[in-house]
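**Student:** Below is a structure I'd like to ask you about.
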Amino acid sequence: PSNAKNNPKNDSNISTSGNDRHAQLTQKLSQYTRGSDRRQVLRSLMDPRLLPRMYTLKSVWVEDIAAAEREAAGERAALNGVKFLQVRRIRATGSGERVDSHFLETLREICDHMCNMDGVDTDPMALYGGLLLRLSRSVSEKDALEIVTQWSCGKGELVVVPLKRCHHDPSISKLAVPIDVELYVEAGNVHAKVTMSHELGLYQRTHLESHGLKRELSPWNANALILANQYPPMQSSSSKKLSQIQYEALASPKFPNIRPWIFIDADVVERINFGT
-3 PSNAKNNPKN DSNISTSGND RHAQLTQKLS QYTRGSDRRQ VLRSLMDPRL LPRMYTLKSV
57 WVEDIAAAER EAAGERAALN GVKFLQVRRI RATGSGERVD SHFLETLREI CDHMCNMDGV
117 DTDPMALYGG LLLRLSRSVS EKDALEIVTQ WSCGKGELVV VPLKRCHHDP SISKLAVPID
177 VELYVEAGNV HAKVTMSHEL GLYQRTHLES HGLKRELSPW NANALILANQ YPPMQSSSSK
237 KLSQIQYEAL ASPKFPNIRP WIFIDADVVE RINFGT
């Protein structure tokens, strides 16, 4: 959450157990949201004894490399500190669509250069393909949304959705935060660090319902969250159901063009050793 500070008070009643922390945070968020106490909601979310600052995600494999390349071509990025701020261009050719992205073109060149370095035994196309699989914003965003939903929605009084950007609706001009990619060689192995930042908004459910989203949010209730919010991992079927509700609400023309009650920044970071 933005514009908030950690609560400096030492509360000896706060447990360090994951299940207990989750239960206590859920109760506090539910109580404070019902009272429209935004300050206390922020303090609860910013308390590291209640909400972990880091969370380990399971690896998700993207099988369609061509689709991943088309998606990555629409991204702004920083590659080893060099910024690429162009948006995607796709040109039709006799054999179909051709991705045209200065960022991806440079990424391919760097992959080829690193694989030709002395002592490096990695195929450049395999390296490039492996990186493309980590550049899927749609997959990364769902991962971030899943974890934030698990911890920040109380008993259904709060709803978290991504802030609407160009990759959700092409008619919107605002783009997502650029991807940060670091590539380097160490001990003959190519290493990469991919950081993808996601902007999410936390809304009061009653506020969204007052703007006409009551039907879309009718399945969003305490029971659905309880089924999904199994600590540590969310149950996949329940998680997918919640994700579907979130994205359908976001896509609805009734979704309000208003500031979220609370802004949340979620970074998904992946470190890869392509030599192992």
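Going by the working numbering, 266 is the number at position 270 of the sequence shown; the sequence numbering is gapless. Ideal placement from N, C-alpha and C gives every residue a C-beta, glycine not left out.
(1) Under a three-way DSSP split, which group does residue 269 fall into?
(2) How is residue 263 classed by DSSP in three states: helix, strand or coil?
(3) In chain order, what residues of the same chain have a beta carbon less than 7 Å from the beta carbon of residue 103, not counting five sequence neighbours either side?
(4) Please confirm whether residue 46 and residue 20 have their CB atoms less than 8 Å apart.
(5) Start and end of the beta strand (DSSP E) containing residue 185?
(6) Nearest-angstrom Cα distance between residue 192 and residue 65?
(7) Hey, how far is the Cα of residue 116 from the Cα of residue 188?
(8) Considering just the uninterrupted stretch of the beta strand (DSSP E) at residue 181, what are its terminal residues?
(9) Where DSSP assigns a beta bridge to residue 79, which residues make up the other side?
(10) Please name the residue in 272, 269, 25 whose C-alpha comes closest to that of residue 146.
(11) Quick one: residues in its chain with C-beta nearer than 8 Å to the C-beta of residue 201, no 5 flanking neighbours on either side, listed in chain order?
(12) Ends of the beta strand (DSSP E) at residue 171?
(13) Just grab the DSSP bridge partners of residue 249 for me.
(14) Going by the CB atoms, is the gap between residue 190 and residue 53 shorter than 8 Å?
(15) Note the first and the last residue of the continuous beta strand (DSSP E) segment covering residue 120.
(16) Considering just the uninterrupted stretch of the beta strand (DSSP E) at residue 156, what are its terminal residues?
(17) Can you check DSSP and say which residues form a bridge with residue 258?
**Tutor:** Taking the geometry as given:
(1) Here residue 269 sits in strand by DSSP.
(2) Strand, per DSSP.
(3) 75, 124, 127
(4) yes
(5) 185 to 200
(6) 16 Å
(7) Each residue's Cα considered, the two are about 14 Å apart.
(8) 175 to 182
(9) 74
(10) 25
(11) If we look at residue 201 and ignore the five residues flanking it on each side, its Cβ neighbours are 152, 153, 154, 155, 213, 216.
(12) Counting along the chain, residue 171 falls outside any beta strand (DSSP E), and DSSP gives it neither H nor E.
(13) The partner list for residue 249 (beta bridge, DSSP) is empty, contrary to what the question assumes.
(14) If you check the CB distance, residue 53 and residue 190 do not come in under 8 Å.
(15) That residue, residue 120, is in no beta strand (DSSP E); its alpha helix (DSSP H) goes 120 to 129.
(16) For residue 156, the uninterrupted beta strand (DSSP E) run begins and ends at 154 to 158, by DSSP.
(17) 198
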